[in-house]
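Student:
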Amino acid sequence: MANTSGQAYGLTTLCPIINGYASVFNSNLNSNTDSAPINQNQSHDKEIRRLLQALPSDEGSLFAKTDNTYFARLFVLNDVFFQQGNDFKRDQLKSKYLCFNSNFHGELEPYLTGMWNNNESLVREIWQHCVAFEQVNHAEDFVAYIKSCQIDTTLFFNGSNDKPLAEQLKALYVKHMFSEFVLTQQGKSAAETKQGFKYFLQRVQLNNIDSPSWKPGQSQIQAN
Amino acid sequence: MSNISGKAYAINVITPIPWWKALWQYIAFKFVVLFPSNLKGLINLSLIHYARWTVIGRDSFPHLAPSQPKEDLHYSYMMFESNFNGSWDQYIDSFSFAIPEGLDLFWRFNVGYPKSIPLHDFYDYIRFNQVENDHFYNAYPCAASNDVKSASALFDNLKAFSESKLELEDDEFLAAYNALLRDNQQHLGSMDVGPAFSPSPFSNAKEA
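Heads up: the protein sequence lines correspond to chains A and B, in order. No gaps in the numbering here: position 72 of the first sequence is 71 in numbering that gives the first Met the number 0, and each next residue is one more. No gaps in the numbering here: position 68 of the second sequence is 67 in numbering that gives the first Met the number 0, and each next residue is one more.
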C-alpha cells in the first residue's frame, strides 16, 4: 500500500525461522576455526539471536556495507502478546520469525542485491536458520526470498528526507565543518573572512559527494 | 537488546486487531494518506526520522514450505516501528501530549487499546507490546532528524553562495557572508556523540 515515501523505501519482512534444533558450522563472528561445530543443540531462533547480538554496530554493521541504508533493524519475534485478560481469545504463533526491517533510499531490488553482494557470508550465516533459505544461492534468489517474506507497509511516515545516503552524509559533514568554521571567523576582517572561506571550500570540496564526508554508521566526530 | 544507536532509538510495537476491524484500520490509514494534515502533529514533533504502521492480516504471515506449520490466528496484527531521537519516555510523552487524537486514530481498532490519555495506561500498553531489537543500525549516530534536514538546506544554500559570491570585493563579500549566516542561523550547529539516556522503564526494571 505505501512502501515508499518519495525516494525512501520502508521494507518490512517476517522470515519464518525453522522449528527445532540447529546444526551450525563455522561462524565468522565467534569462531576462530573454519567448520568448527558450535552449539549443536541450540534451537534455530536462539542461534539467530546469538548471531545478531554479536554483530558489530555502527561502522562495522553489515548495513554500513549495504549502500543507502538509513536505518535497519533485526529482531526475533518469538510470539504475539496478550495483556487483555481472559475475555479475549489468545493467539500463539507456530513459528518464530526473523524480522528484518529497513529504511533506505532507492528501489528494493538493487538494495537487496547490494546487501547480498557485500555481505554474502554473513547473510547466509544469519538466514540459514530460516525456512526454505537453503534454496538461496545467488543475489536474485535472495531478492526473491526477501520479497516472499515482505509485508506491505500500510502507512509510511518520512520525517527526514529521501536523498541518497551519500548526499545526506556529505551535507552533515559540511554542516558540522561550516558551523565550526563560523566560530573561528568571528571578528575577523573582510579580507580575512573571504580568504578563510576560500580555504574552507578547498577543504570540504562541495562538489565531491564522496570525500571528504562522514562514513555510514560513523559514531564519532573526527578531529579536524 | 540493541534499541539505541547514537541519538536514535528504535521501537517495535505489535498489537492484535480483530481481522474485520483491520479493514477499518486500512481505511483510517488511507484517510491519513489522502489528508496528510493528520500527520502535521508528527511533523511538528520533529524527532522522528522514519516511522511506519503495517497491518499484518491473520492469513498474511509468510508460509514458505510445507514443512512450516501454517499459522491459525484469531486476530490480525499491527506492527508499529519508529526511529526517533531521544529516550523512550520522551517519545511516548511527546506522542501522547502532542498528537493524542492521531494516536487514537492509529490504534483505535486494536484490542485493549486504552487511548493515549491518561498517559500511564498508554505507557503500559506500549511497554507490554514492545519487542526489543537484536541489532539496530543508524547511518548517522551523531545526528538528529533535524540535523539531517537542516544539513541538506544549508548545503544547498552554501553551494549557491560559493558559486555566486566569491568574486565580490572584500567588503561586499563580508556583507553577503553575514547575510548567509543570518538566513541560515537555524541550520547551523556542530554535532557530536549524544548524551546517554535510559533505554526504557521496562529495561530498567529488568536490570534492577
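No residue lacks a Cβ here, since even glycine has one placed at the ideal position from N, Cα and C.
What residues are listed by DSSP as bridge partners for H245 of chain B?
Tutor: Any answer about residue 245 of chain B is impossible in this case: the structure gives chain B only from 0 up to 207.
Student: Could you say which of B:Y74, B:L33, B:H73, B:N84 lies nearest to A50 of chain B if we only look at CA atoms?
Tutor: Taking the first residue of the second sequence as 1, we reach residue 50 of chain B at position 51. Taking only the C-alpha atoms, the option nearest A50 of chain B is B:N84.
Student: Could you check if S34 of chain A is buried or exposed, using at least 16 other CB atoms within 10 Å of its CB as the buried criterion?
Tutor: Mapped onto the first sequence, residue 34 of chain A falls at position 35. Below a pLDDT of 50, predicted positions are generally treated as unreliable, and S34 of chain A, at 44, falls in that range; no measurement from the model is reported.
Student: Determine the direct distance from the alpha carbon of V147 of chain B to that of L179 of chain B, and round the result to whole angstroms.
Tutor: Taking the first residue of the second sequence as 1, we reach residue 179 of chain B at position 180. Taking the first residue of the second sequence as 1, we reach residue 147 of chain B at position 148. Taking the straight line from one Cα to the other gives about 19 angstroms.
Student: On the three-state DSSP scale, how would you describe I16 of chain A?
Tutor: Residue numbering aside, residue 16 of chain A sits at position 17 when the first sequence is read from its first letter. Strand, per DSSP.
Student: Using 8 angstroms as the threshold, is the C-beta distance between F70 of chain A and E131 of chain B below it?
Tutor: Sequence index remark: in the first sequence, residue 70 of chain A carries index 71 (1-based). Sequence index remark: in the second sequence, residue 131 of chain B carries index 132 (1-based). No; because the gap between Cβ atoms is not below 8 angstroms, this pair is not in contact.
Student: So, at 7 angstroms on beta carbons, what are the nonlocal neighbours of I208 of chain A in its own chain, with the 5 sequence-adjacent residues on each side left out?
Tutor: As a working note, residue 208 of chain A is residue 209 in the first sequence. Here the set comprises A165, E166, K169.
Student: Measure the alpha-carbon distance for L97 of chain A versus F121 of chain B and round it to whole angstroms.
Tutor: Stepping through the first sequence from its first residue, residue 97 of chain A is reached at position 98. Stepping through the second sequence from its first residue, residue 121 of chain B is reached at position 122. Cα to Cα, the separation comes out at about 27 angstroms.
Student: May I ask you to list the residues that DSSP assigns as paired with L10 of chain A?
Tutor: The count along the first sequence starts at 1 and reaches residue 10 of chain A at position 11. In DSSP, L10 of chain A forms a bridge with A:S101.
Student: Counting only runs of 3+ residues fully inside the region 18-67 of chain B, write out the beta strand (DSSP E) ranges in chain order.
Tutor: If we require 3 residues or more, the beta strand (DSSP E) runs fully inside the region 18-67 of chain B come out as 47-55.
Student: Using only CA atoms, which one of A:Y172, A:S101, A:S218 lies nearest to G193 of chain B?
Tutor: One-based indexing of the second sequence puts residue 193 of chain B at position 194. Comparing Cα positions, the closest option is A:S218.
Student: Could you please give me the residues that DSSP links to M77 of chain B through a beta bridge?
Tutor: In the second sequence, counting from the first residue as 1, residue 77 of chain B sits at position 78. B:T14, B:V54.
Student: Tell me which same chain residues have a C-beta within less than 7 angstroms of the C-beta of V79 of chain A, skipping the five on either side of it?
Tutor: Looking up residue 79 of chain A in the first sequence gives position 80. Within the same chain, V79 of chain A has close Cβ partners D90, L92.
Student: Taking contact to mean 3 or more Cβ pairs, one atom from each stretch, closer than 8 angstroms, check whether the region 170-184 of chain B and the region 189-208 of chain A are in contact.
Tutor: The region 170-184 of chain B, when compared against the region 189-208 of chain A, does touch it at the 8 angstroms Cβ threshold.
Student: By a C-beta neighbour count over all protein chains shown, 10 Å radius and 16 as the cutoff for buried, is P55 of chain A buried or exposed?
Tutor: Position 56 of the first sequence, counted from the start, is the residue given in the question as residue 55 of chain A. By the neighbour-count rule (16 or more Cβ atoms within 10 Å), P55 of chain A is not buried but exposed.
Student: Take A27 of chain B and list the residues in its own chain whose beta-carbon comes closer than 8 angstroms to its own, dropping the five residues that flank it on each side.
Tutor: Mapped onto the second sequence, residue 27 of chain B falls at position 28. Correct list, in chain order: L104, F105, R107, F108.
Student: When the Cβ atoms of the region 172-182 of chain A are set against those of the region 147-164 of chain A, are three or more pairs found closer than 8 angstroms?
Tutor: At 8 angstroms Cβ cutoff, the stretches do not touch.
Student: Determine the closest residue to L187 of chain B out of B:A159, B:E162, B:F154, with distance taken between C-alpha atoms.
Tutor: Looking up residue 187 of chain B in the second sequence gives position 188. It is B:F154.
Student: Let me know if R48 of chain A comes out buried or exposed under the rule of 16 or more other beta-carbons within 10 Å of its beta-carbon.
Tutor: For the purposes of this step, residue 48 of chain A is taken as the residue at position 49 of the first sequence. Classification for R48 of chain A: buried.
Student: Comparing the C-beta of A178 of chain B with each C-beta of chain A, is any distance below 8 angstroms?
Tutor: Locating residue 178 of chain B in the second sequence gives position 179, counting from the first residue. No, no contact with chain A.
Student: Consider the Cβ of Q67 of chain B: report whether some Cβ of chain A lies at a distance smaller than 8 angstroms.
Tutor: Here residue 67 of chain B corresponds to residue number 68 of the second sequence, with the count starting at 1. Judged by the 8 angstroms Cβ criterion, Q67 of chain B is in contact with chain A.
Student: Rounding to the nearest angstrom, what Cα-Cα distance links H128 of chain A and N102 of chain A in this structure?
Tutor: Against the first sequence, residue 128 of chain A aligns to sequence position 129. Against the first sequence, residue 102 of chain A aligns to sequence position 103. Going from the Cα of H128 of chain A to the Cα of N102 of chain A covers about 24 angstroms.
Student: At 7 angstroms on the CB atoms, spell out the chain B contacts of I150 of chain A, in chain order.
Tutor: Counted from its first residue, the first sequence places residue 150 of chain A at position 151. Those are T53, I55, S59, listed as they occur along chain B.
Student: Using C-beta distances below 6 angstroms, list every residue in its chain close to S147 of chain A, excluding the 5 sequence neighbours before and after it, in chain order.
Tutor: What you label residue 147 of chain A is simply residue 148 of the first sequence in a count that begins at 1. So no residue of the chain qualifies.
Student: Whose Cβ in chain B lies nearer than 7 angstroms to the Cβ of Q303 of chain A?
Tutor: This structure cannot settle anything about residue 303 of chain A, because the visible part of chain A is limited to 0 through 223.
Student: What's the gap between the Cα of Q41 of chain A and the Cα of K95 of chain A?
Tutor: By one-based count along the first sequence, residue 41 of chain A stands at place 42. By one-based count along the first sequence, residue 95 of chain A stands at place 96. Those two C-alpha atoms are separated by around 14 angstroms.
Student: Does the CB of G85 of chain B have a neighbour CB from chain A at under 8 angstroms?
Tutor: Numbered from its first residue, the second sequence carries residue 85 of chain B at position 86. Taking Cβ atoms only, chain A never reaches closer than 8 angstroms to G85 of chain B, which makes this a no.
Student: In the region 114-187 of chain A, which residue ranges form an unbroken alpha helix (DSSP H) of at least 4 residues, counting only runs that do not cross its ends?
Tutor: DSSP runs (the alpha helix (DSSP H)) wholly in the region 114-187 of chain A: 138-147, 164-184.
Student: Within 8 angstroms of any Cβ in chain A, is that where the Cβ of L33 of chain B sits?
Tutor: Sequence index remark: in the second sequence, residue 33 of chain B carries index 34 (1-based). Judged by the 8 angstroms Cβ criterion, L33 of chain B is not in contact with chain A.
Student: Determine whether the beta carbon atoms of N117 of chain A and T65 of chain A lie at a separation below 8 angstroms.
Tutor: Residue numbering aside, residue 117 of chain A sits at position 118 when the first sequence is read from its first letter. Residue numbering aside, residue 65 of chain A sits at position 66 when the first sequence is read from its first letter. Closer than 8 angstroms, so yes.
Student: Runs of 3 residues minimum, wholly inside the region 122-174 of chain B: which ones carry the beta strand (DSSP E) assignment?
Tutor: Counting whole runs of 3 or more residues, the region 122-174 of chain B contains the beta strand (DSSP E) stretches 134-137.
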